[in-house]
Amino acid sequence: MDPLSGFLGSLIWWLFFLYLLLWPQMQYRQLQLMRAKLLQKLSRKRNSTIITMIHRQESIGLFGIPFYKFISIEDSEEILRAIRMAPKDKPIDLIIHTPGGLVLAATQIAKALKDHPAETRVIIPHYAMSGGTLIALAADRIIMDPHAVLGPVDPQLGQYPAPSIVRAVEKKGPEKVDDQTLILADVAEKAINQVRNFVYELLKDKYGEEKAKELAQILTEGRWTHDYPITVEEAQKLGLHVSTDVPEEVYELMQLYPQPMKQRGTVEFMPYPVRQEKK
Numbered sequence: 242m243d244p245l246s247g248f249l250g251s252l253i254w255w256l257f258f259l260y261l262l263l264w265p266q267m268q269y270r271q272l273q274l275m276r277a278k279l280l281q282k283l284s285r286k287r288n289s290t291i292i293t294m295i296h297r298q299e300s301i302g303l304f305g306i307p308f309y310k311f312i313s314i315e316d317s318e319e320i321l322r323a324i325r326m327a328p329k330d331k332p333i334d335l336i337i338h339t340p341g342g343l344v345l346a347a348t349q350i351a352k353a354l355k356d357h358p359a360e361t362r363v364i365i366p367h368y369a370m371s372g373g374t375l376i377a378l379a380a381d382r383i384i385m386d387p388h389a390v391l392g393p394v395d396p397q398l399g400q401y402p403a404p405s406i407v408r409a410v411e412k413k414g415p416e417k418v419d420d421q422t423l424i425l426a427d428v429a430e431k432a433i434n435q436v437r438n439f440v441y442e443l444l445k446d447k448y449g450e451e452k453a454k455e456l457a458q459i460l461t462e463g464r465w466t467h468d469y470p471i472t473v474e475e476a477q478k479l480g481l482h483v484s485t486d487v488p489e490e491v492y493e494l495m496q497l498y499p500q501p502m503k504q505r506g507t508v509e510f511m512p513y514p515v516r517q518e519k520k
């Protein structure tokens with residue numbers, strides 16, 4: 242092999258390697274630019290500050306490894322900064338898509354949202370479970386897709402729901418459980434009361450004291466499993482102020498948060514062919 246052919250072969254190999262390395266990042270950067278453009282459009286349309294907290298798997302690495310996301314301290318830092326910088330006389334629209342996450346982070350976001358002087362609206366295109374629901378309760382308005390869901394906000398201790406820990410000790414009797422379980426039940430009871438009191442504080446100005454206490458009790462007492470889907474109809478029956486006028490741009494935005502390709506392919510969709518009428 243002559244030196245020139247060897248050099249060209251090495252060059253082609255390195256260019257191909259750089260392509261594999263950089264192409265996912267370039268795609269991700271393009272998605273970011275498209276998101277920013279759409280958010281600007283939505284902000285002008287609604288005359289509001291638009292903030293998003295969208296937790297989906299995104300493969301941005303060389304091998305397409307998905308990153309699993311949930312409400313974290315990093316989220317609360319960024320959202321608190323965004324709320325602090327938002328004009329005090331303008332509404333805030335917070336778009337949420339999340340399975341939940343840290344109670345501490347969700348509590349910080351909810352408190353900051355509640356304290357914003359102008360109207361606050363949480364928009365839920367698909368789901369806002371657990372800590373996502375806690376944040377939604379802080380808003381003046383909850384706007385959900387007709388088939389989106391909220392969830393209970395009963396705290397979890399490790400893999401166990403706090404209300405179930407307390408209930409198990411009550412059923413068995415304190416004298417029949419070990420010290421570690423008793424300590425766990427004590428922590429669980431404190432966690433329930435802390436979240437319940439916080440939910441009450443979020444709701445009392447909008448719903449009145451009695452209704453706020455009722456809702457705080459229902460959402461934290463463990464009457465459902467933690468992943469129980471509270472539909473729009475059920476949320477309205479509970480007395481929550483929920484509407485379904487989700488802006489079309491929010492659905493467009495969700496398309497710009499793709500799942501990893503290897504996770505796709507189980508559902509296909511073909512729009513109904515609309516024939517244009519002849520003039």
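Last residue of the sequence shown: 520 (the working numbering), numbering continuous. Where a beta carbon is used, it is the ideal one built from N, C-alpha and C, also for glycine. Just so we're clear, the structure is a prediction, and the values are computed from it rather than from any experiment.
Skipping 5 residues on each side, what residues in its chain have a beta carbon closer than 8 Å to that of Ala-323?
Residues Thr-290 and Ile-292 of the same chain have their beta carbon placed closer than 8 Å to that of Ala-323, with the five preceding and five following residues left out of the count.
Excluding five sequence neighbours on each side, which residues of the same chain lie with their C-beta closer than 7 Å to the C-beta of Lys-454?
Listed in chain order, the non-local C-beta contacts of Lys-454 below 7 Å within the same chain comprise Tyr-441, local neighbours out to five positions each way being set aside.
Rounding to the nearest angstrom, what Cα-Cα distance links Leu-391 and Ile-337 in this structure?
The alpha-carbon atoms of Leu-391 and Ile-337 are separated by roughly 11 Å.
Specify, as a first and last residue, the run of the beta strand (DSSP E) that Arg-362 falls within.
Element bounds for Arg-362: 361-365.
Go ahead and label Gly-463 buried or exposed: buried means 16 or more other beta carbons lie within 10 angstroms of its beta carbon, across all protein chains shown.
Classification of Gly-463: buried, given that the 10 Å Cβ count is 16 or more.
Which partner residues of Val-418 appear in the DSSP bridge assignment?
DSSP, once it has assigned bridges, lists no residue as partnering Val-418.
Where do the N-terminal and C-terminal ends of the beta strand (DSSP E) with Leu-481 fall, by residue?
That residue, Leu-481, is in no beta strand (DSSP E); it is neither H nor E in DSSP.
Where Pro-402 sits in the DSSP three-state scheme:
In this structure, Pro-402 counts as strand in the three-state DSSP scheme.
Taking Cβ positions, are Met-275 and Leu-497 nearer each other than 8 Å?
In contact: Met-275 and Leu-497 (Cβ atoms closer than 8 Å).
Supposed close pair Lys-355, Ala-377 - CB separation, criterion 8 Å
That pair is no contact at about 11 Å.
Contact check, Met-385 vs Val-483 under 8 Å by CB: the rounded distance?
About 6 Å separates the two Cβ atoms, so the contact holds.
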